[in-house]
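Just so you know, we're using my numbering here: the sequence shown kicks off at 41 and counts up by one.
Idealized CB from N, CA, C, for every residue including glycine.
Worksheet: the structure to be examined is printed underneath.
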Amino acid sequence: MALEWLAILIQIGSVTALNIGTIYQKRGADQVPSVHDTTAMNNVKNFLKNRTWMVGYLFIMLGSAGSFVALGFADFSILQPFMAVGIIVQGLACRWYLKEAISRQQVASMAVMVVGVVFVGISTTTGAQGDWATTLAMISRPLPLWFMAGLAAGGVAAYAYTKSQHYKHADIWICIFTGIMSVFSYLFAKVVMAAVVTYAGAGQLLDVFGDGIAWLVLVVAFVVSTASFLSKNVSYQHGRAVLINNIFNAFNISLPVLVGVVVLDEWIGVPPLNIALQSAGVAVIMAGVVWLMYIELKLKVTSCAAGASSGESSASK
């Protein structure tokens with residue numbers, strides 16, 4: 041229990057650092073040329089030379105390292121709800137640092153997400169951490185494999201769709217891809233930590249470096265984490281942080297509950313009331329996300345209409 045509370049405190053600090061980092065990276069992404077107008081190599085150079093973006097990168101690396109450590113001492117579904125701290129950080133930072141206009145409706149939609157997180161949080165239960173062999177066996181079963189394949193396909197389809205539409209509403213569609221890939225990175229990091237904890241518990245920590253399967257899972261975690269990281273910076277050039285980062289946070293709060301259930305069997309032995317509360321929490325979080333997306337889309341339509349009217353007035357003069 042003491043280690044789980046330590047993991048929760050580490051997670052809260054890590055999430056705060058992660059979200060501060062995303063705010064700096066959003067500012068940096070707005071300062072560099074469009075990623076669609078330059079080559080991949082020049083894009084890398086542009087971002088790396090931007091000091092604001094690099095400060096954000098350092099915060100994100102710090103937060104990611106902390107989350108990785110926390111995953112070794114608490115259930116996947118227990119830690120991820122504390123991503124709600126990020127929703128609060130985003131609301132404050134988007135308003136006061138990025139100077140993004142945030143309406144009362146948007147604040148209300150973020151509040152709805154936080155309420156959902158409370159439902160998830162109060163319904164979580166303490167479970168024993170699976171060892172390396174058990175965890176590996178869990179993710180290798182047919183149902184989890186099909187589930188992960190379907191989830192990955194959904195993320196890729198979202199990215200492919202917006203690209204085929206010349207990046208229309210890319211802030212939403214790319215962020216869906218980003219959120220799904222991020223959840224995969226946390227899942228595989230959790231699996232790797234199971235290996236580390238198991239070897240350490242047996243007094244053979246150094247032997248983990250000779251485990252080829254652990255290395256393979258770590259490489260997969262790195263690949264999907266990189267895909268999430270890069271695509272998120274693309275989405276920053278297509279929309280506002282208040283939408284992008286909160287969609288990302290919501291996916292990282294709600295999806296791990298589903299992943300924990302299907303892939304890691306984290307609902308086995310959990311009382312029905314807790315299951316009902318978690319399910320309700322996830323539904324409320326996603327309702328808040330849909331509401332926030334609707335508000336942003338409505339704002340875009342209004343802005344386009346206002347721009348068209350302005351253009352017609354100028355032409356008539």
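Contacting residues, own chain, Cβ-Cβ under 6 angstroms from residue 263 (five flanking each side not counted)
none
Return yes when the Cβ of residue 291 is within less than 8 angstroms of the Cβ of residue 223, no when it is not.
It is a contact, given that the beta carbons lie within the stated cut-off.
DSSP on residue 279, reduced to helix/strand/coil?
coil
How should residue 349 be labelled, buried or exposed, when 16 other C-beta atoms within 10 angstroms of its C-beta is the threshold for buried?
Only weak support is given to the placement of residue 349: the predicted model assigns it a pLDDT of 49, under 50, and the value that follows is read from those uncertain coordinates. Classification of residue 349: exposed, given that the 10 Å Cβ count is below 16.
Meets three-Cβ-pair contact criterion under 8 angstroms: the region 86–99 and the region 60–75
yes
Element boundaries [alpha helix (DSSP H), containing residue 184]:
182–204
Go to residue 225, then tell me how far its alpha helix (DSSP H) extends in each direction, as first and last residue.
210–241
Could you tell me the distance, in whole angstroms, from the CA atom of residue 126 to the CA atom of residue 135?
14 angstroms
On a Cα-Cα basis, can you pick out the residue from 162, 213, 253, 87 that is closest to residue 279?
For residue 279, the closest of 162, 213, 253, 87 by C-alpha to C-alpha distance is 213.
So, residue 302 versus residue 182, is the Cβ gap smaller than 8 angstroms?
At the C-beta level, residue 302 and residue 182 stay beyond 8 angstroms of one another.
To the nearest angstrom, report how far apart residue 191 and residue 260 are at their CA atoms.
15 angstroms
Grouping DSSP H, G and I as helix and E and B as strand, with all else coil, what is residue 296?
helix
Pick out whichever of 326, 243, 78, 236 has its Cα sitting closest to the Cα of residue 176.
Selected option, being the one with the closest Cα: 236.
With distance defined between alpha-carbon atoms, name the residue in 188, 221, 179 nearest to residue 199.
221
Roughly how many angstroms separate the alpha carbons of residue 228 and residue 257, rounded to a whole number?
Approximately 6 angstroms, taken between the alpha carbons.
What's the gap between the Cα of residue 1 and the Cα of residue 326?
Shown here, the chain extends from 41 to 357; a query on residue 1 therefore has no answer.
Please classify residue 272 as buried or exposed, where buried requires at least 16 neighbouring CB atoms within 10 angstroms.
buried
Leaving out five residues on either side along the sequence, give the residues of the same chain with a beta carbon under 6 angstroms from the beta carbon of residue 276.
The residues are 66, 69.
Rounded to the nearest angstrom, what separates residue 233 and residue 156 at their Cα positions?
28 angstroms
Simplified DSSP state of residue 98, which is helix, strand or coil
Note: residue 98 maps to helix in three-state DSSP.
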